[in-house]
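Q:
There are 2 protein chains.
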Amino acid sequence: MFPVLYAVFMSAALQPFPKSQQPPAQPELLQLGPAEDEPCLRADAARNRARLLEAAARLVAEHGAAGVTMEAVAAAAEVGKGTVFRRFGDRTGLLTALLDHSEKKFQAAFLGGPPPLGPGAPPVERLRAFGRELLRRSVDEMDLQLAAEPSPERRFSVPVRRLHHNHVALLLRQAVPDADSEFLAHTLMGSLNPVLIHHLTGPCGLPMERLEKAWCDLVARVTRTG
Amino acid sequence: MFPVLYAVFMSAALQPFPKSQQPPAQPELLQLGPAEDEPCLRADAARNRARLLEAAARLVAEHGAAGVTMEAVAAAAEVGKGTVFRRFGDRTGLLTALLDHSEKKFQAAFLGGPPPLGPGAPPVERLRAFGRELLRRSVDEMDLQLAAEPSPERRFSVPVRRLHHNHVALLLRQAVPDADSEFLAHTLMGSLNPVLIHHLTGPCGLPMERLEKAWCDLVARVTRTG
DNA sequence: AACAAAACTGGACCCTGGTCCGCTTAGGAT
DNA sequence: ATCCTAAGCGGACCAGGGTCCAGTTTTGTT
Numbered sequence: 018m019f020p021v022l023y024a025v026f027m028s029a030a031l032q033p034f035p036k037s038q039q040p041p042a043q044p045e046l047l048q049l050g051p052a053e054d055e056p057c058l059r060a061d062a063a064r065n066r067a068r069l070l071e072a073a074a075r076l077v078a079e080h081g082a083a084g085v086t087m088e089a090v091a092a093a094a095e096v097g098k099g100t101v102f103r104r105f106g107d108r109t110g111l112l113t114a115l116l117d118h119s120e121k122k123f124q125a126a127f128l129g130g131p132p133p134l135g136p137g138a139p140p141v142e143r144l145r146a147f148g149r150e151l152l153r154r155s156v157d158e159m160d161l162q163l164a165a166e167p168s169p170e171r172r173f174s175v176p177v178r179r180l181h182h183n184h185v186a187l188l189l190r191q192a193v194p195d196a197d198s199e200f201l202a203h204t205l206m207g208s209l210n211p212v213l214i215h216h217l218t219g220p221c222g223l224p225m226e227r228l229e230k231a232w233c234d235l236v237a238r239v240t241r242t243g
Numbered sequence: 018m019f020p021v022l023y024a025v026f027m028s029a030a031l032q033p034f035p036k037s038q039q040p041p042a043q044p045e046l047l048q049l050g051p052a053e054d055e056p057c058l059r060a061d062a063a064r065n066r067a068r069l070l071e072a073a074a075r076l077v078a079e080h081g082a083a084g085v086t087m088e089a090v091a092a093a094a095e096v097g098k099g100t101v102f103r104r105f106g107d108r109t110g111l112l113t114a115l116l117d118h119s120e121k122k123f124q125a126a127f128l129g130g131p132p133p134l135g136p137g138a139p140p141v142e143r144l145r146a147f148g149r150e151l152l153r154r155s156v157d158e159m160d161l162q163l164a165a166e167p168s169p170e171r172r173f174s175v176p177v178r179r180l181h182h183n184h185v186a187l188l189l190r191q192a193v194p195d196a197d198s199e200f201l202a203h204t205l206m207g208s209l210n211p212v213l214i215h216h217l218t219g220p221c222g223l224p225m226e227r228l229e230k231a232w233c234d235l236v237a238r239v240t241r242t243g
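Residue numbers (the numbering used here), protein chains in the order written: chain A, 18 to 243; chain B, 18 to 243.
#1: At a Cβ cut of 7 Å, what residues of the region 138 to 156 of chain B count as close to chain A, listed as they run along the chain?
#2: Against chain A, with Cβ distances strictly below 7 Å, would Ala-237 of chain B count as a contact?
#3: Measuring only between beta-carbons, confirm whether Leu-76 of chain B sits less than 7 Å from chain A.
#4: What span of residues does the alpha helix (DSSP H) with Gly-99 of chain B cover, start to end?
#5: Bridge partners of Ala-138 of chain A, per DSSP?
#6: Would you say Phe-200 of chain A faces chain B, with C-beta separation under 7 Å as the test?
#7: For Ala-237 of chain A, tell me which candidate among A:Arg-154, A:Leu-58 and A:Pro-139 has the shortest Cα-Cα distance.
#8: With burial defined as no fewer than 16 other Cβ atoms inside 10 Å of the residue's Cβ, what is the status of Thr-204 of chain A: buried or exposed?
#9: With Ala-66 of chain B and Arg-108 of chain B assumed to form a contact (beta carbons below 8 Å), what rounded beta-carbon distance in angstroms separates them?
#10: Indicate whether Arg-172 of chain B and Val-212 of chain A have their beta-carbon atoms separated by less than 7 Å.
#11: Provide the residue span of the alpha helix (DSSP H) that contains Val-185 of chain B, from first to last.
#12: Against Leu-163 of chain A, what residues of chain B qualify as contacts under a CB-to-CB distance less than 9 Å, listed in chain order?
#13: Hey, would you say the C-beta of Ala-125 of chain A is under 6 Å away from at least one heavy atom of the ligand ADP?
#14: Should Ala-94 of chain B and Val-141 of chain B be called a contact, given that it needs their Cβ atoms to be closer than 7 Å?
#15: In terms of alpha-carbon separation, which member of B:Ala-164, B:Arg-145, B:Arg-154 and B:Val-177 lies closest to Leu-189 of chain B?
#16: Are the beta-carbon atoms of Ser-174 of chain B and Ile-214 of chain B separated by less than 7 Å?
#17: Using the beta-carbon count (16 or more within 10 Å), is Thr-240 of chain B buried or exposed?
#18: Please state whether the Cβ-Cβ distance between Gly-110 of chain B and Asp-160 of chain B is less than 7 Å.
#19: Are Val-85 of chain A and Ala-72 of chain A closer than 7 Å when you measure CB to CB?
#20: To the nearest angstrom, how far is it from the Cα of Asn-183 of chain A to the Cα of Leu-151 of chain A?
#21: Pick helix, strand or coil for Arg-66 of chain B, following the three-state DSSP scheme.
#22: Would you kindly report the start and end of the unbroken alpha helix (DSSP H) that includes Gly-207 of chain A?
#23: Rounded to whole angstroms, what is the Cα-Cα separation between His-181 of chain B and Lys-98 of chain A?
#24: With a threshold of 6 Å on Cβ separation, who are the neighbours of Gln-162 of chain B within its own chain once the five nearest residues in sequence on each side are excluded?
#25: List the whole-angstrom C-beta distance separating Phe-147 of chain B from Val-185 of chain B, where the pair is believed to meet the contact cut-off of C-beta under 8 Å.
#26: Pro-131 of chain A to Arg-153 of chain A, Cα distance in whole Å?
#27: Any beta-carbon of chain B closer than 7 Å to the one on Glu-158 of chain A?
#28: Using only alpha-carbon positions, find the residue among A:Glu-158, A:Asp-61, A:Arg-149 and A:Glu-120 that is nearest to Pro-133 of chain A.
#29: In chain order, what residues of the same chain have a beta carbon less than 7 Å from the beta carbon of Ala-74 of chain A, not counting five sequence neighbours either side?
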């Protein structure tokens, strides 16, 4: 029942960003034990990290994600501004860390959980489930997801996104071996982007069911099924 | 031969941003005479606008779009910083204005030019042509396109994008009347996003032909043709 | 020509993300 | 217990986007 596969960047996705650190290679999927959240942080550093996350969470709850400024977080955690940046790299990193728990659960579910999200179901069905779940999460954690949207340059290189992308590409390759799964995966992931979902459910007022239906239809068309 | 249809926001897309200005309604397409670039600008304002655009263009040529700072532009145009913002709203607005000429030509082409891009060809063929052209433009004007990428909040509300979106949605409605063209249009537009194209052609190193092929294949799948 | 209203100007100012670097401290080695 | 060193710290500092408003210029009116 516990996930047996952890995908590439699984751990990197949840670590701080020592800027120049690059994963040595890009294997498609890696088998890993459950990665340590905090591999070898000094005691004080670990404590500060926790305080920062707690402070950030409190601020989000109080003022919404948009009002979470790095200085405010530092102040609330009674820590220097530099510490925040060293630990989380940048604002996006901090916000991402707040979404970490939910993300991990999601990853466990689609990598090793029960079908249809996890392995065992046919790929098309897994794709449908994957989208449904991502939609649900986008709505649930909307403001954080929006605030955590990476800058354009990083939009496609953020580890979490790459992992999702690789997963979708893998399923596509199984479902439609003759297609350009790389490109199609980007297309599919694009329609699940939190910013788009927010635009559609917010300003455009589309109801959730319509999105789910549209997603399933999209999957059907792209895979030429249904 | 000259475009007879100008789409909604055609003029708004090319105007400065008096922040609170909203187009009164959202008709799908509007018939308009060629909109004045500068409807009723005071003489000095018009002159400053021209100087700013010229200065910005020069800076882009010299230092690349990334290095174009608002203050630098103001200085180069020998104008106050405030003037830049009043005229163009924000950085994105300024950069967008630089792309204006090319954009107008493109709009004229797909709204009223010769087939397959313009009216006359079957919708699926027009979609293929539309994507090809957008891809070409993305590559040609890459750095400007990237620098002009709007902030997430505006990504889907920027007039130019809405226009493109509406066009694609219209074609989709013709090609697949039973589908959710609104959503599918977002999907298609997402795969033509300059940021994605840059990611694919740059870091990922995909050749242009592959993208064109993938685009055509995507259109075929989405419209269940081919 | 004189005047008033509207439009425009520009630079001082604020905010926030992000960097830097000299100082401090944890914690392993001796 | 002491020392040494790498890791960590934090606040001063910077840059760049965006706002504001007191003063200036344009332009239409009488």
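Every residue, glycine too, gets a C-beta built ideally from N, C-alpha and C. Owing to the predicted nature of the structure, the values given are computational and were not obtained by experimental measurement.
A: Working from what's here:
#1: none
#2: Translated into positions along the second sequence, residue 237 of chain B becomes position 220. Closer than 7 Å: no.
#3: Position 59 of the second sequence, counted from the start, is the residue given in the question as residue 76 of chain B. It does not; no Cβ of chain A falls within 7 Å.
#4: To locate residue 99 of chain B, count along the second sequence from 1; it is residue 82. Where Gly-99 of chain B is concerned, the enclosing alpha helix (DSSP H) stretches over 98 to 105.
#5: The sequence position of residue 138 of chain A within the first sequence is 121, counting from 1. Beta-bridge pairing links Ala-138 of chain A to A:Pro-136.
#6: Here residue 200 of chain A corresponds to residue number 183 of the first sequence, with the count starting at 1. At least one chain B Cβ lies under 7 Å of Phe-200 of chain A.
#7: Position 220 of the first sequence, counted from the start, is the residue given in the question as residue 237 of chain A. Nearest of A:Arg-154, A:Leu-58 and A:Pro-139 to Ala-237 of chain A, Cα basis: A:Pro-139.
#8: The sequence position of residue 204 of chain A within the first sequence is 187, counting from 1. Its Cβ being crowded by 16 or more others within 10 Å, Thr-204 of chain A is buried.
#9: Taking the first residue of the second sequence as position 1, residue 66 of chain B is located at position 49. Taking the first residue of the second sequence as position 1, residue 108 of chain B is located at position 91. The sequence shown places Arg at residue 66 of chain B, rather than the Ala named in the question. Contact flag wrong, Cβ pair sits at about 16 Å.
#10: Residue mapping note: residue 172 of chain B aligns to position 155 of the second sequence, counting from 1. Residue mapping note: residue 212 of chain A aligns to position 195 of the first sequence, counting from 1. Yes. Within cutoff.
#11: To locate residue 185 of chain B, count along the second sequence from 1; it is residue 168. Start and end: 176 to 192.
#12: Here residue 163 of chain A refers to the residue found at position 146 of the first sequence. The contacting residues are Pro-169 and Glu-170.
#13: As presented, the structure is devoid of all ligands, the ligand ADP included, so that no description of it is given.
#14: Stepping through the second sequence from its first residue, residue 94 of chain B is reached at position 77. Stepping through the second sequence from its first residue, residue 141 of chain B is reached at position 124. Not in contact: Ala-94 of chain B and Val-141 of chain B (Cβ atoms no closer than 7 Å).
#15: If you number the second sequence from 1, residue 189 of chain B lands on position 172. Looking at the Cα atoms, B:Arg-145 is the closest of the given residues.
#16: Locating residue 174 of chain B in the second sequence gives position 157, counting from the first residue. Locating residue 214 of chain B in the second sequence gives position 197, counting from the first residue. No; because the gap between Cβ atoms is not below 7 Å, this pair is not in contact.
#17: In the second sequence, the residue the question calls residue 240 of chain B occupies position 223. The residue is buried, with at least 16 neighbouring Cβ atoms inside 10 Å.
#18: The sequence position of residue 110 of chain B within the second sequence is 93, counting from 1. The sequence position of residue 160 of chain B within the second sequence is 143, counting from 1. No.
#19: Walking along the first sequence from the start, residue 85 of chain A turns up at place 68. Walking along the first sequence from the start, residue 72 of chain A turns up at place 55. It is not a contact, given that the beta carbons lie outside the stated cut-off.
#20: The count along the first sequence starts at 1 and reaches residue 183 of chain A at position 166. The count along the first sequence starts at 1 and reaches residue 151 of chain A at position 134. Roughly 15 Å separates the two Cα atoms.
#21: In the second sequence, counting from the first residue as 1, residue 66 of chain B sits at position 49. In this structure, Arg-66 of chain B counts as helix in the three-state DSSP scheme.
#22: What you label residue 207 of chain A is simply residue 190 of the first sequence in a count that begins at 1. Gly-207 of chain A -> alpha helix (DSSP H) spans 198 to 208.
#23: To locate residue 181 of chain B, count along the second sequence from 1; it is residue 164. To locate residue 98 of chain A, count along the first sequence from 1; it is residue 81. Each residue's alpha carbon lies about 42 Å from the other.
#24: Indexing the second sequence from 1 puts residue 162 of chain B at position 145. Within the same chain, Gln-162 of chain B has close Cβ partners Ser-155 and Pro-211.
#25: Taking the second sequence and counting its residues from 1, one reaches residue 147 of chain B at position 130. Taking the second sequence and counting its residues from 1, one reaches residue 185 of chain B at position 168. With a Cβ gap of about 7 Å, Phe-147 of chain B and Val-185 of chain B count as contacting.
#26: Taking the first sequence and counting its residues from 1, one reaches residue 131 of chain A at position 114. Taking the first sequence and counting its residues from 1, one reaches residue 153 of chain A at position 136. So the alpha carbons of these two residues sit roughly 18 Å apart.
#27: Here the question's residue 158 of chain A lines up with position 141 in the first sequence. No, because no Cβ of chain B sits closer than 7 Å to the Cβ of Glu-158 of chain A.
#28: Counted from its first residue, the first sequence places residue 133 of chain A at position 116. Ranking A:Glu-158, A:Asp-61, A:Arg-149 and A:Glu-120 by Cα distance to Pro-133 of chain A puts A:Arg-149 first.
#29: Indexing the first sequence from 1 puts residue 74 of chain A at position 57. Cβ within range, chain order: Leu-115.
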